[in-house]
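Residue numbers (the numbering used here), protein chains in the order written: chain A, 1 to 298; chain B, 1001 to 1298. Note that the Cβ used here is the ideal one computed from N, Cα and C, for glycine as well. Please read these numbers as outputs of a predicted model, since none were measured by experiment. For reference, the structure is listed below as structure tokens.
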DNA sequence: TTATTTTCATAGTTTTAAACTATTATAGGA
DNA sequence: TCCTATAATAGTTTAAAACTATGAAAATAA
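Structure, rendered in structure tokens:
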């Protein structure tokens, strides 16, 4: 059993076809056939049934595929990590949810990453669930994530900042003078929300369902500027993080009652090797507990 | 990077010596040197410093060794599992602590394993901590373990039976008539205990320290028969599982006050593939919740 | 210091195995 | 029935991994 044999096997499974797999691997078809045959000889059982029209995985093949994917992923990781160390240039693959990116990234780039000229930063912007999957697959090293889905023992994290979720309206809106507001007050207001995939939206909808209200959702969007512009037009009520209002003077935020806040953490997998650049970022976050917060307010 | 290269690298690390590693691997020394050189070329960094007296792992080498051991262990598992499936003969590697073995094994062999003639059972008898390590290293498939060290989320288990820990004395002993006894009553008695590595012993000692007593331990042994014989000689007081007294009519057990019991579970790693023979054993345990208990009493 | 031993790297050769090309066999579809 | 698609087989080439032999560097001993 060699890693190459397993790679070929995986490719055949993905394509359900030896010839296509060979093409994708840039090798000849008999080489792939050979590799599969050698695996079958070594293990003593068929991995595919070839009787019928198509290749179908046997019980043994299914099990091997599952274990193979794990092994190859780990092998690729070793390769990547070792090459990175060898090439001296550090790479940090960081996941950031769209909303938090606008807060955290400017601070990180001006106060942290610029201190490491040899550091190459790759930012992956994705939803929270998407980032979690990327982390699990080792496609990113760390991510900023709301500490909501309680992370199990296989995750490490350091707290970054606590963000306030506020209701926001135009300065000329009827509710603009309120010092705080509860969801029940908003049950008949037309609302603009971020899409369901944003977990803040989920919490707001849960809040409504908790008081047995069906909110009047006029629009759900993924664009912050859409929310800002529609709210500024005075027609509707929106929700966003308080810090996002700093840059839009035409809007005012009204704290929710009860308050709703989000603890954002920097998260990574426990079983992963913590590279130098990861360690540096963790240190920066730990040393500036309010750094990202205060910077946003400056 | 191939699995063989990593295997050679690991061997060199283990022997701190290329020549010895080559000998252990049954290949020539230049082959090993070559493999290491190829890894270093591929990764772009030295894995050892050879300048000085001996081979010393570099930072990169240390990291690679750590990741390599994981990868090779997983690769060996794949190999073993697939070969096992291919050879049709099933193998179950079961870990059993010495005390529990005398209870569980006869039941398992007469009521369960005998139903699977093609099944080959390997029993590993070891301490609880030893078994846990064997499980972690995938050197055994499952083990019977007291459910004391609370198992984290990376472990699966099914409860097997609850065993009573009792104080035991000879039939003619002064305390033989007691219906129950507390540790404080025993603070001046000469005791015979199993070695500290037995977790029941640890619990008894904890119990004594809890009431600020230093027990008078005359003898600690790993042999059940030693405990039985010394206790039977009427000189000392011992502790054991109640079921172990069934076969020794010259001894009587006195329940502890408060009672002390041990929940024994069948445990395995969550990330492991559950083979047919493992599944069969789990089913047997589930279907006969008191089977092992009652059998011991018959 | 100098000789001796240990140990790893290098050079050159052999062997093995993995890749290739060409062809055959088998099944589905026209 | 023929044609096409696809995998297996045969035979050859190539590449890499093993070997033997030797050289270089450092540690050990005289």
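8 Å contact criterion, which residue 1086/B and residue 1125/B should meet: CB distance rounded: Your numbering for residue 1086/B matches position 86 in the second chain. Your numbering for residue 1125/B matches position 125 in the second chain. Not confirmed; about 29 Å, so no contact.
Do residue 948/B and residue 1131/B have their C-beta atoms closer together than 7 Å? With chain B covering only 1001 through 1298, there is no way to say anything about residue 948/B.
Answer yes or no: do residue 1128/B and residue 1199/B have a C-beta to C-beta separation smaller than 7 Å? Residue numbering aside, residue 1128/B sits at position 128 when the second chain is read from its first letter. Residue numbering aside, residue 1199/B sits at position 199 when the second chain is read from its first letter. Going by C-beta atoms, residue 1128/B is nearer than 7 Å to residue 1199/B.
Would you say residue 1073/B lies against chain A (beta-carbon separation less than 7 Å)? One-based indexing of the second chain puts residue 1073/B at position 73. By this cut-off, residue 1073/B is not an interface position.
Under a CB-based cut-off of 7 Å, is residue 3/A close to chain B? Counted from its first residue, the first chain places residue 3/A at position 3. Under the Cβ criterion of 7 Å, residue 3/A is counted among the residues facing chain B.
Quick one, are the C-beta atoms of residue 192/A and residue 218/A less than 7 Å apart? On the first chain, position 192 is the one that residue 192/A refers to. On the first chain, position 218 is the one that residue 218/A refers to. For residue 192/A and residue 218/A, yes; Cβs fall inside 7 Å.
State buried or exposed for residue 1112/B, treating a residue as buried only when at least 16 other CB atoms are found within 10 Å of its CB. Walking along the second chain from the start, residue 1112/B turns up at place 112. Buried is the call here.
Please list, in chain order, all residues of the same chain as residue 1298/B whose beta carbon is under 6 Å from its beta carbon, the five residues on each side excluded. Residue 1298/B sits at position 298 when you count from the first residue of the second chain. In this prediction, residue 1298/B scores a pLDDT of 30, lower than 50, which makes its location untrustworthy; no coordinate-derived value is stated.
Contact set for residue 187/A: own chain, Cβ-Cβ below 7 Å, skip 5 residues either direction: The count along the first chain starts at 1 and reaches residue 187/A at position 187. 213, 215, listed in sequence order.
Is it right to say residue 1117/B is buried, meaning 16 or more other beta carbons lie within 10 angstroms of its own, or is it exposed? Against the second chain, residue 1117/B aligns to sequence position 117. Classification for residue 1117/B: exposed.
Can residue 10/A and residue 68/A be called in contact, C-beta distance under 7 Å? Numbered from its first residue, the first chain carries residue 10/A at position 10. Numbered from its first residue, the first chain carries residue 68/A at position 68. It is a contact, given that the beta carbons lie within the stated cut-off.
Beta strand (DSSP E) runs contained entirely in the region 214-289 of chain A, provided each spans 3 or more residues: 216-221, 237-241, 251-269
Using a beta-carbon distance below 7 Å, is residue 61/A in contact with chain B? Reading the first chain from its first residue, position 61 is the one you call residue 61/A. Chain B, which has no Cβ nearer than 7 Å to the Cβ of residue 61/A, makes this no.
Considering residue 1317/B, what are the terminal residues of the alpha helix (DSSP H) in which it resides? Because chain B is modelled from 1001 through 1298, residue 1317/B falls outside the range shown and cannot be assessed.
CB contact flag (residue 158/A, residue 3/A, <7 Å): Locating residue 158/A in the first chain gives position 158, where the first residue counts as 1. Locating residue 3/A in the first chain gives position 3, where the first residue counts as 1. The answer is no: Cβ separation not under 7 Å.
I'd like to know whether the C-beta of residue 1278/B is nearer than 7 Å to at least one C-beta of chain A. The count along the second chain starts at 1 and reaches residue 1278/B at position 278. It does not; no Cβ of chain A falls within 7 Å.
Assuming residue 151/A and residue 264/A form a contact by the criterion Cβ under 8 Å, report the distance between their Cβ atoms to the nearest whole angstrom. For the purposes of this step, residue 151/A is taken as residue 151 along the first chain, with counting starting at 1. For the purposes of this step, residue 264/A is taken as residue 264 along the first chain, with counting starting at 1. Contact flag wrong, Cβ pair sits at about 13 Å.
For residue 179/A and residue 1156/B, the rounded distance between their alpha carbons: For this step, residue 1156/B is matched to residue 156 along the second chain. For this step, residue 179/A is matched to residue 179 along the first chain. For residue 1156/B and residue 179/A, the distance between alpha carbons rounds to 52 Å.
Mind pulling the beta strand (DSSP E) runs of 3 or more residues that sit fully within the region 74-159 of chain A? 90-96, 119-125, 142-146
Nearest-angstrom Cα distance between residue 294/A and residue 1059/B? On the first chain, position 294 is the one that residue 294/A refers to. On the second chain, position 59 is the one that residue 1059/B refers to. In this prediction, residue 294/A scores a pLDDT of 45, lower than 50, which makes its location untrustworthy; the coordinate-derived value is nonetheless stated afterwards. Cα to Cα, the separation comes out at about 38 Å.
C-alpha distance - residue 242/A paired with residue 164/A, whole-angstrom precision: For the purposes of this step, residue 242/A is identified with residue 242 of the first chain, where counting begins at 1. For the purposes of this step, residue 164/A is identified with residue 164 of the first chain, where counting begins at 1. Cα-Cα distance, rounded: 6 Å.
Going by beta carbon distance, what residues of the same chain come within less than 6 Å of residue 1013/B, once the five residues before and after it are set aside? Residue numbering aside, residue 1013/B sits at position 13 when the second chain is read from its first letter. Closer than 6 Å at Cβ, skipping near neighbours: 1065.
Proximal residues of chain B, C-beta to C-beta of residue 79/A below 7 Å: Here residue 79/A is taken as the residue at index 79 of the first chain, counted from 1. Chain B residues near residue 79/A: 1001.
Reduced DSSP secondary structure (H/G/I, E/B, other) of residue 1189/B: The sequence position of residue 1189/B within the second chain is 189, counting from 1. Coil.
Could you list the residues in the region 1018-1047 of chain B with a C-beta less than 7 Å from some C-beta on chain A, going in chain order? 1043, 1044, 1045
Please check the pair residue 37/A and residue 8/A, which I expect to be a contact at CB under 8 Å, by giving their CB distance rounded to whole angstroms. For the purposes of this step, residue 37/A is identified with residue 37 of the first chain, where counting begins at 1. For the purposes of this step, residue 8/A is identified with residue 8 of the first chain, where counting begins at 1. Residue 37/A to residue 8/A, Cβ: 11 Å. No contact.
Anything in chain A within Cβ reach of residue 1083/B, meaning under 7 Å, just list it in chain order. Here residue 1083/B is taken as the residue at index 83 of the second chain, counted from 1. Going along chain A in sequence order, the residues near residue 1083/B (Cβ under 7 Å) are 43, 44.
Can you confirm whether residue 1064/B, when its beta carbon is compared against all beta carbons of chain A, has any partner nearer than 7 Å? Residue numbering aside, residue 1064/B sits at position 64 when the second chain is read from its first letter. Taking 7 Å as the CB threshold, residue 1064/B lines the interface with chain A.
For residue 41/A, which option in 76/A, 274/A, 28/A, 5/A has the closest C-alpha, if you only look at C-alpha atoms? As a first step, residue 41/A must be located in the first chain, where it is residue number 41. Closest by alpha carbon: 5/A.
Would you list the one or two residues that DSSP bridges to residue 1311/B? Residue 1311/B is absent from the model: chain B starts at 1001 and stops at 1298.
Using the beta-carbon count (16 or more within 10 Å), is residue 97/A buried or exposed? Position 97 of the first chain, counted from the start, is the residue given in the question as residue 97/A. Answer is buried; the Cβ neighbour count reaches 16.
Go through its chain and collect everything with a Cβ distance to residue 321/A's Cβ below 6 Å, but skip five positions before and after it. In the structure as shown, chain A begins at 1 and stops at 298. Residue 321/A is therefore absent and cannot be evaluated.
Residue 248/A and residue 343/A - do their beta-carbons sit closer together than 7 Å? Given that chain A is displayed from residue 1 to residue 298, the structure contains no residue 343/A and the question cannot be resolved.
Can you give the beta carbon distance from residue 257/A to residue 204/A, rounded, assuming they're within the 8 Å contact cut? Within the first chain, residue 257/A is the residue found at index 257, counting from 1. Within the first chain, residue 204/A is the residue found at index 204, counting from 1. The Cβ separation is near 13 Å, so there is no contact.
According to DSSP, is residue 165/A helix, strand or coil? Here residue 165/A refers to the residue found at position 165 when the first chain is read from its first residue. Three-state result, residue 165/A: strand.
Where does residue 181/A fall in DSSP's three states? Sequence index remark: in the first chain, residue 181/A carries index 181 (1-based). In this structure, residue 181/A counts as strand in the three-state DSSP scheme.
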